Each structure stands twice: as C-alpha cells, then as structure tokens.
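Colleague: To start, I am sharing the structure in question, which I have written as structure tokens.
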Amino acid sequence: AQISINSQQSKKISNMLTGVFFEDINYAADGGLYGELIQNRDFEYALSDKKGRDEKWNATMAWSGDFKISKDNPIHPNNPNYAVVTKGAISNTGFDGIALKANEKYDFSIFAKGEKCTVKLKGANGETLAEAVLKPAISWKKLNAVLKPSKTVIDAHLEISTTGETSIDMISLFPQKTFKNRKNGLRSDLAETIAEMHPKFVRFPGGCVAHGDGLHNIYKWKNTIGSLESRVPSRNIWNYHQSMGLGYFEYFQFCEDLGAEAVPVLAAGVPCQNSSDGGAGQQFGIPMEDMDEYVQDILDLIEYANGSATSVWGKKRAEAGHPKPFNLKYIGIGNEDLISDVFEERYRMIVKAVQQKYPKIIVIGTVGPFNEGTDYNEGWRIANDLKLPIVDEHYYQSPGWFINNQDFYDGYDRSKSKVYLGEYASWGNKFYNALAEALYLTGVERNGDVVAMASYAPLLAREKHVQWNTDLIYFTGSEVKPTVNYFVQKLYGQNPGDVYLQSSIKLSDTNNEVSKRIGVSAVQDNDSGDLIVKLVNLLPVAVTPSMDFANFSTAENAAYTLMSGNPEKTTARPVTQKIATKEAFSKELPPYSFAVIRVKMI
Ligand code: AHR
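Numbered per the UniProt record's numbering, the sequence shown spans residues 245 to 846.
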C-alpha cells in the first residue's frame, strides 16, 4: 500500500478525543470502582431497588447472623435503618466475598452504641485473618480500627460479635491503598487501569443512570455529597442499589487525579423514556412549576465545582477537603432522550439558564442514538437552533457498520455544533471488534476538527453482575480483566495529536471493499513534538506500506507498537519495540493488525 502523508495539508484537531464514559452499570460503582468492601454497609437495601419482587433484596442483604433491623433514633434521617445485634455475631460477605491482600492495611469503621464488639476478618473456612476490639459508648459514636489480614484470600467475610445488645450502622472496610491514597477512595487496580488509558475526560454518572427510571429516580447530585451517612441512597435504573459513596466529590477528585476534564451529564428535566412507568415521565417531565428549582440544582453543581470556598456550594466542596475550585469546563444536558415537546421545553430552559449564568461553561446537548433517525434529526434541529457548542451522539453497532461508516463525519457541517461521541461500541470483545473500532477511530481523528470527544461505553463490568454486553474492562473482587478493545482505546489515549496530517492510501487492488479495510491516521502531538502514525489492517492478508514522508525530518529510531492476532480471539495485546524509523515506515502489517508508530520530528 502506498501511503502518503502530507505535512503541507494539516488541520488542528481536538486534543481530547479519547476519554471515558463512567456509568454505574454492571456494579461499576458499589462493588466496583468505589473502594468500599462491605455490601449494604448502611442496611438501606430495599425491595424497591429492584424491579420485580426478590424477597432476599432487603435491608439485611449480604448480612447474616443474630440481629434485627431498627429505625428508632438512627444516625441520620437519610439513613434510617440500622442493625441491633442481640447476641452472638453478624457477618457480611461483601460483594461475592471480600478480597483481601496479606499484610496490607484496611481501615475499618463503624457507628455503634452498646456493648464491647470484636471485629474479625475471616476466611471461608472460618479462620481468623485479622481482629480488633472496639468499645462503643451508650450513644452513637464512630469507631475505627486498622485490620491487617494474615493471608491473601478472595472470599473472606467480616464478622462483628458483641457481648450484649449493640446497635451498628455504616460498617465500612476500605483498603488503605486506594487510588492516590484518597480516603473514601477508589479501588486502585481498577483506577490505575483507567488512568493508563490517559483519558482526557470522564463522563459521569451515565448513561441512563443520569436521567433515571421515572421522575423520582432522576440522579440528584446533591444526594451524593457530604458525610457518607447523610447521603441519600437510591434505586439504580440498572436494577440494584446505589449507596452514593462514589458521589460528585469523589468524581471531581478522580478527574483531577487523572488530569482529565470532568463531563457531568444531567437529566434534561425528563427521566429515561424506557422508564418502568412506561415512559410516562418523559411524557410529563418534571412539572413546570418545579423546574426553577431543578434548574437551580444544575447551577448549584457548577458553583459546587467552581465557586469560591465562601459561596454556598463552594463551601461544601471546601468542607469536603477541596478549597480550590475543580475548574469544571463542561456540562452535559440530557442523555439519549426522546425528543418530545416536553423534553424540548425543559431542555431549552436548562441550557439557556446555564449559558446565561455561566457563559464560559461549554454545554453539551443531546441528539441521542443515531439509529433512531427521527429523534436524532430532531435533536440536531434544536442543537442548531440553540447553537450548542457540542452535542452528544450515541451508537452501538456491528463491526461491519463501523467499517462501512468510517467516513461518518467526513461530510459533517463544520459550521454547526461539534460532536461528543459519548457512547459507542461494536457489540463484541473479539479482536475483530477492537480492530473495527481502531479503524473507525482513524476516521474520528481525521474528523477531529468536528468531533471533539469520543468515549467507548460502557467502561466497567463486574463479573456475575453484567447487565450490558459488551464492556471495556471486566473485573472480579481481586482481578482486573481489560478487554482487547481496551488496548485499542489505551493506544489512542496514549497517542493523541493536536494536528492532523492529511493522509491517503493507494492500493494496487482498487476494490473498494479491500480499501475500506485499511485505515491510516497521522497526527502531530504538540507536547512531545512527535509524529504518530496509526495503521489498521483488517484484511486477512499482510500489507506492506510504503510511506512517503518527503516533507518530514524524523529521528532515526521510532517506537513501533503492534497488536495482531486471530480476529476471533480476545488475546491480542500491544507489543512495543524500538526500531529504525525507516524500517517502521515500511514494515509489513500482518493480517488483522493495528500498529502505532511514534517518532520525534526534528
Ligand atoms: O451504556 C449503556 C446504556 O446505553 C446507557 O446507559 C444509555 O445511555 C445507552 O442506551
């Protein structure tokens, strides 16, 4: 293949093309990224968390032993239930067992009143791995202990025994080693895996979670801040319980720790059209008389993120330990909504209010899923009218669709809103899927002047709790299992550009079906001054590129990263070697491969 890259024809592209879509789906938050190891620590699981009746899903979920649930004089009105242990012991099994590492320290904490308690971490066979004794008072008091298990296990449980009647609540166990060692922090192995993608932004809290299952389930950010016992837990639209322990403060902190922009997405005054009330919420939306209050909530979020430490909401951020503003730049309004009159009225109202009060905040609108034509067009009509800077598009399609539509953005009108491709994936975790996504992303980079951001979705899935296939990173309590698609995202994330260099491919075989299966994208990264060329070969045969770099002077050696392998398998992984630049530019691309060549320009 003849590949010419032309430095004379270049254009500026978005340098924040790849980021992550975090949604609390598949146990991505509780039992996932959130470091808490105790499930249902506050005894607030409720039958109403789940659709359909599952009697086991109640305030005692994940607990066993001799106790009863009480509501008299709780530690906080938002957290009405607690357990009274009468005799013997109470145990918690965490999320499918508690995974512990030998000799690492774990912070245990509990609100208790009553008699002396012994706290033990126990292995599946009953062996005690760590132990502490606590002495509660006669009124509620928070007590702490550090536990250091003697063994590495994946299926421990926590046991609290007492010598007499004792009330307990907010029973918590965190590894001391969280991401960046934050208190109430994130699971370090998962967070590190995300960090390695070098995400330029993090979207939160969804997805459908953002607009919720019916009017009363719209995600309310104010319920997710402040002391843990005062947060308001909620039913998750994905059919489980949200403790809100990973709330807006932890999210903003995570973005800062990653060096990524926060992209919070808030409901446009309407819940999910697929709500279990049959979409009645979308039909009616938040009553107009309550909309001022709802709009104010959104403005308050911006103040919480960016306001001075003396402002009403900025003060709450400062109290949580972050006096400096988080410097929020983006806000998303709406998620894949049905574009109805009810939606439009509320959406316009919110967008206008944000633009008026915070003209510097970049508002990202929604145009929904591409394959549902009418709503998509309607979404664009409103976006054009409001002159929105960016709109959020979603599509989950087959790999063939991604290959056939790699020119999706070539014809986009550059005078209109830019695009945040907020959710996309090619329905599969085989290498073929990952390659189709890699190929599509060459098209996204080529159109990086109109596509501002893109995020694969969903990001995380805990095995045994997968509600949506396919995902980017699977995990258990002790293991992280990034998919082959993850490595494509990581290579894009680690090799972004600021300038796109026009490139073209000439093949001896002029068959269109063949040429569609080879992709190239060449970018220049301003920070490092590197030239980065990405090549994708989705053909069953090797291709030998012959790159024409007449206009460039490059360093003698290049970093050459290759992923190749059986497209039906999931095992291809990137391998990097240092090789002569000349060799890198003419190296045969194996069948089914993705190569990234990175070289200093001199
Ligand atoms: O990513 C999973 C779901 O797909 C999101 O919650 C929703 O926005 C989309 O339909």
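Where a beta carbon is used, it is the ideal one built from N, C-alpha and C, also for glycine.
Since the model is a prediction, treat every value here as computed from it, not as a measurement.
Do Cys-516 and His-455 have their C-beta atoms closer together than 7 Å?
Modeller: Against a cut-off of 7 Å, the Cβ pair of His-455 and Cys-516 comes out as a contact.
Colleague: Are the Cβ atoms of Asp-399 and Gly-341 separated by less than 7 Å?
Modeller: Cβ atoms of Asp-399 and Gly-341: closer than 7 Å.
Colleague: Based on Cα-Cα distance, which residue from Arg-658, Asn-621 and Gly-609 lies nearest to Ile-634?
Modeller: The shortest Cα separation from Ile-634 among Arg-658, Asn-621 and Gly-609 belongs to Gly-609.
Colleague: Return helix, strand or coil for Tyr-836, following the three-state DSSP convention.
Modeller: It is coil, neither helix nor strand.
Colleague: Could you tell me the alpha carbon to alpha carbon distance between Ile-606 and Val-595, rounded to whole angstroms?
Modeller: Between Ile-606 and Val-595, the C-alpha separation is close to 10 Å.
Colleague: For Arg-297 and Thr-304, what's the separation of their Cα atoms in angstroms?
Modeller: Rounded to the nearest angstrom, the two C-alpha atoms are 15 Å apart.
Colleague: Let me check understanding here. Comparing Cα to Cα, which of Ser-790, Asn-810 and Ala-553 lies closest to Pro-784?
Modeller: For Pro-784, the nearest C-alpha among the options comes from Asn-810.
Colleague: If you count every other CB in all the chains shown that lies within 10 Å of the CB of Ala-799, and 16 or more means buried, which is it?
Modeller: Exposed, by the Cβ-count rule.
Colleague: Examine the ligand AHR and report whether any of its heavy atoms sits within less than 6 Å of the Cβ of Asn-461.
Modeller: No, since every heavy atom of the ligand AHR falls outside the 6 Å radius drawn around the Cβ of Asn-461.
Colleague: Do you know how far the Cα of Val-724 is from the Cα of Gly-817?
Modeller: According to the sequence provided, residue 817 is Arg. The question's Gly does not apply to it. Answer to the nearest angstrom: the Cα atoms are 15 Å apart.
Colleague: On the criterion of 16 or more Cβ atoms from any shown chain inside 10 Å, does Phe-485 qualify as buried, or is it exposed?
Modeller: Note on residue identity: the sequence assigns His, not Phe, to residue 485. Burial call: buried.
Colleague: When DSSP builds the beta bridges, which residues end up paired with Glu-505?
Modeller: The partner list for Glu-505 (beta bridge, DSSP) reads Phe-445.
Colleague: Report the rounded CA-to-CA distance for Asp-753 versus Phe-265, giving the unit in angstroms.
Modeller: C-alpha separation (whole angstroms): 39 Å.
Colleague: Is Pro-508 near the ligand AHR - that is, is its Cβ less than 6 Å away from at least one heavy atom of it?
Modeller: No, since every heavy atom of the ligand AHR falls outside the 6 Å radius drawn around the Cβ of Pro-508.
Colleague: I'd like the list of long-range same chain contacts for Ile-717, defined as Cβ closer than 8 Å, with 5 residues on each side in sequence excluded.
Modeller: So the qualifying residues of the chain are Leu-434, Thr-437, Ile-438, Leu-703, Leu-704, Ala-705, Val-724, Lys-725, Pro-726, Thr-727 and Tyr-730.
Colleague: With DSSP run on the structure shown, which of helix, strand or coil describes Phe-646?
Modeller: Of the three classes helix, strand and coil, the one that applies to Phe-646 here is helix, per DSSP.
Colleague: The alpha helix (DSSP H) spanning Asn-810 covers which residue range?
Modeller: Run containing Asn-810: none; DSSP gives neither H nor E here.
Colleague: Answer yes or no: the CB of Pro-740 versus the heavy atoms of the ligand AHR, is any distance below 6 Å?
Modeller: Pro-740 Cβ: outside cutoff for every heavy atom of the ligand AHR.
Colleague: Taking DSSP's pairing of strands, which residues face Asn-480 in a bridge?
Modeller: Partner(s): Tyr-484.
Colleague: Can Glu-667 be considered in contact with the ligand AHR, in the sense that its beta carbon sits closer than 6 Å to one or more heavy atoms?
Modeller: Yes.
Colleague: Can you give me the C-alpha to C-alpha distance between Ser-584 and Val-819, rounded to a whole angstrom?
Modeller: When rounded, the distance between both Cα atoms is 49 Å.
Colleague: Report buried or exposed for Thr-406, applying the criterion of at least 16 other Cβ atoms within 10 angstroms of its Cβ.
Modeller: Result: buried.
Colleague: Where does Ile-438 sit, in a helix, a strand or coil, going by DSSP?
Modeller: It is helical.
Colleague: In chain order, what residues of the same chain have a beta carbon less than 6 Å from the beta carbon of Ser-258, not counting five sequence neighbours either side?
Modeller: Here the set comprises Gly-692 and Ala-696.
Colleague: My understanding is that Ile-481 touches Val-453, with C-beta atoms under 8 Å, so please give their C-beta distance in whole angstroms.
Modeller: About 6 Å separates the two Cβ atoms, so the contact holds.
Colleague: Report the residue from Glu-832, Glu-812, Phe-796 and Ser-772 whose alpha carbon sits nearest the alpha carbon of Val-780.
Modeller: Answer by Cα proximity: Glu-832.
Colleague: In whole angstroms, what separates the C-alpha of Pro-321 from that of Gly-578?
Modeller: Distance between the alpha carbons of Pro-321 and Gly-578: 31 Å.
Colleague: Alpha carbons only, please: which of Glu-267, Thr-422 and Gly-338 is nearest the one belonging to Gly-450?
Modeller: The option with the nearest alpha carbon to Gly-450 is Glu-267.
Colleague: Would you call the CB atoms of Trp-687 and Gln-650 closer than 7 Å?
Modeller: As written in the sequence, residue 687 is Gly, which differs from the Trp given in the question. In contact: Gly-687 and Gln-650 (Cβ atoms closer than 7 Å).
Colleague: For the candidate residues Ala-682, Thr-720, Asn-673 and Gly-741, whose alpha-carbon lies nearest to that of Asn-713?
Modeller: The option with the nearest alpha carbon to Asn-713 is Asn-673.
Colleague: List in chain order: all unbroken beta strand (DSSP E) runs of 3+ residues lying wholly within the stretch 621-673.
Modeller: Whole beta strand (DSSP E) segments, 3+ residues: 634-640 and 662-669.
Colleague: Using the Cα positions of Asn-388 and Asp-351, report the straight-line distance between them to the nearest angstrom.
Modeller: Cα-Cα distance, rounded: 7 Å.
Colleague: May I ask you to report which of helix, strand or coil DSSP gives Gly-458?
Modeller: Note: Gly-458 maps to coil in three-state DSSP.
Colleague: For the beta strand (DSSP E) that contains Ser-765, what are its first and last residues?
Modeller: Per DSSP, Ser-765 belongs to the beta strand (DSSP E) from 762-769.
Colleague: Where DSSP assigns a beta bridge to Asn-258, which residues make up the other side?
Modeller: It should be noted that the sequence gives Ser, not Asn, for residue 258. Paired residue(s): none; Ser-258 is not in a bridge.
Colleague: Evaluate Ala-766 with the Cβ neighbour count: other Cβ atoms within 10 Å of its Cβ, from every protein chain shown; 16 or more gives buried, anything less gives exposed.
Modeller: It is buried - the Cβ of Ala-766 has at least 16 other Cβ atoms within 10 Å.
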